[in-house]
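Residues 2 to 354 (the numbering used here) make up the sequence shown, in order.
One structure is given here, and the rest of the page talks about it.
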Amino acid sequence: MKTYKIACIPGDGIGKEVVPAGEAVLRALAAKSGKFNFEFESFGWGGDWYRAHGEMMPKNGNDLIKDKDAILFGSAGDPHIPDHITLWGLRLKICQGFDQYANVRPTRILPGIDAPLKRCTPADLDWVIVRENSEGEYAGVGGRVHQGHAIEVATDVSMMTRVGVERVIRYAFELARSRPRKQLTVVTKSNAQRHAMVMWDEIAVEVSKDFPDVKWDKELVDAMTARMVNKPRTIDTVVATNLHADVLSDLAAALAGSLGIAPTANIDPSRRFPSMFEPIHGSAFDIMGKGLANPIGTFWSCVMMLEHLGEPEAAKKLMAVIESVTADTSLHTGDLGGKATMDQVTQAVIARL
Ligand code: ATP
């Protein structure tokens with residue numbers, strides 16, 4: 002029997018609740034399948050680790066998890082620690098250290114969910130946003146001089162490399178080709194950003210030549226926000242830069258009904274390193290410790306993990322159970338307007354498995 006080694010990093014806030022729930026669901030799924038198993042190892046990195054050790058994770062943290070088959074991540078964020086420290090000190094250290102350059106974010110309106118797009122049925126909205134996850138606006142290039150003085154200057158320089166752009170656009174074309182509609186929208190801002198985004202557009206044209214069977218178009222990021230709201234059915238697979246996709250995918254999650262549902266995968270397509278799967282929501286300190294967090298985003302992330310591990314049947318089964326649970330409004334958590342607790346949703350998923 003195949004055993005998958007999974008590193009669990011609950012992180013902060015509700016991450017500490019939803020990751021163990023995800024683990025419980027994966028254990029139940031494995032027990033039922035009889036074909037594979039999981040070996041989980043949990044790492045207590047995040048805000049508490051920072052208070053005890055002065056860093057979000059140990060310096061050799063990536064070495065400790067590099068031989069795992071995958072990583073299940075919760076969230077990083079703490080009201081008492083600046084956001085740039087929590088983000089750069091943990092999540093980005095893993096994404097960049099393991100070259101997880103494709104951040105894949107599916108959006109669908111699951112059965113039973115009251116989504117804000119009233120003219121849109123679940124069949125009309127089935128998107129995957131691919132976010133460039135290794136460079137661009139979040140490359141960390143820049144600095145501050147004359148800090149605190151009137152002449153202070155601060156820069157954040159967006160770095161786009163030909164290799165970095167080419168590989169993520171190619172990944173997106175391949176993903177688009179694997180989906181029934183074979184359609185890709187390349188998001189850009191080359192009207193205002195005249196250098197890197199123009200190179201981005203040129204590379205899209207070059208890569209598209211290898212994918213004559215994929216229909217593709219180009220959309221400015223501002224126009225894309227309106228298109229997502231007004232013409233959702235014209236969209237299928239989307240590729241965008243680190244910053245653009247960060248914003249677009251939060252809009253996508255809101256349009257699908259709640260931040261608590263949306264999953265994401267940070268993929269190293271070369272498979273040299275483990276890929277990392279996480280709900281897109283943050284640590285949500287306002288509901289922490291109350292058992293109210295919606296675990297569906299984490300469960301859907303587990304579906305993406307199973308697909309990546311090469312267990313498509315188990316992935317399909319878990320997704321079907323998730324959909325049957327969201328269809329039952331008595332199992333909706335507070336973010337969806339219901340009264341169910343995280344534990345009730347988790348137990349319902351396990352029972353239906
Ligand atoms: P961070 O700083 O870590 O990004 P945040 O609290 O600013 O965290 P989110 O955690 O993404 O941002 O959450 C925004 C709001 O959405 C929260 O206040 C919470 O009420 C709600 N929310 C997010 N995730 C969930 C969830 N899984 N279940 C229920 N509500 C959620």
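Ideal placement from N, C-alpha and C gives every residue a C-beta, glycine not left out.
Item, Value
"Residue 142 (DSSP reduced to helix, strand or coil)", "strand"
"C-alpha distance - residue 77 paired with residue 47, whole-angstrom precision", "6 Å"
"Residue 215 to residue 240 span [Cα, whole Å]", "14 Å"
"Opposing strand residues paired with residue 129 [DSSP bridges]", "107 and 238"
"Sub-7 Å separation of residue 105 and residue 146 beta-carbons", "no"
"Span of the alpha helix (DSSP H) around residue 1", "Residue 1 lies beyond the stretch modelled for the chain, which goes from 2 to 354, so this question has no answer here."
"Residue 278 vs residue 320 beta-carbon contact at 7 Å", "no"
"Span of the alpha helix (DSSP H), counted from its first residue to its last, around residue 211", "Per DSSP, residue 211 belongs to no alpha helix (DSSP H) and is neither H nor E."
"Contacting residues, own chain, Cβ-Cβ under 8 Å from residue 158 (five flanking each side not counted)", "140, 142 and 143"
"The region 86 to 106 in contact with the region 219 to 233 per 3-pair CB rule at 8 Å", "no"
"Under the three-state DSSP convention, the category residue 56 falls into", "coil"
"Whole-number beta carbon distance between residue 28 and residue 37, since they are thought to touch under 8 Å", "The pair is not a contact, with the Cβ atoms about 11 Å apart (cut-off 8 Å)."
"Assumed close pair residue 316, residue 308 - CB separation to whole angstroms, cut-off 8 Å", "5 Å"
"Helix, strand or coil at residue 300 [DSSP, three-state]", "helix"
"Short Cβ contact (7 Å threshold) for residue 282 with residue 258", "no"
"Own chain, CB closer than 7 Å to residue 347, minus 5 neighbours either side, in chain order", "22, 25, 26 and 296"
"Straight-line Cα distance separating residue 264 from residue 246", "14 Å"
"Beta-carbon spacing of residue 243, residue 138 below 7 Å", "yes"
"Through-space distance from residue 206 to residue 286, alpha-carbon basis", "44 Å"
"Delimiting residues of the alpha helix (DSSP H) encompassing residue 62", "62 to 66"
"Beta-carbon proximity of residue 151 to residue 66, cut-off 7 Å", "no"
"DSSP beta-bridge partners of residue 217", "185"
"Close Cβ partners of residue 166 (< 6 Å) along its chain, the five nearest in sequence each way excluded", "201 and 204"
"Integer Cβ distance of residue 256 from residue 30, believed to fall under 8 Å", "The Cβ separation is near 29 Å, so there is no contact."
"Residues near residue 169 in its chain [Cβ-Cβ closer than 7 Å; skip 5 each side]", "102, 103, 131, 133 and 240"
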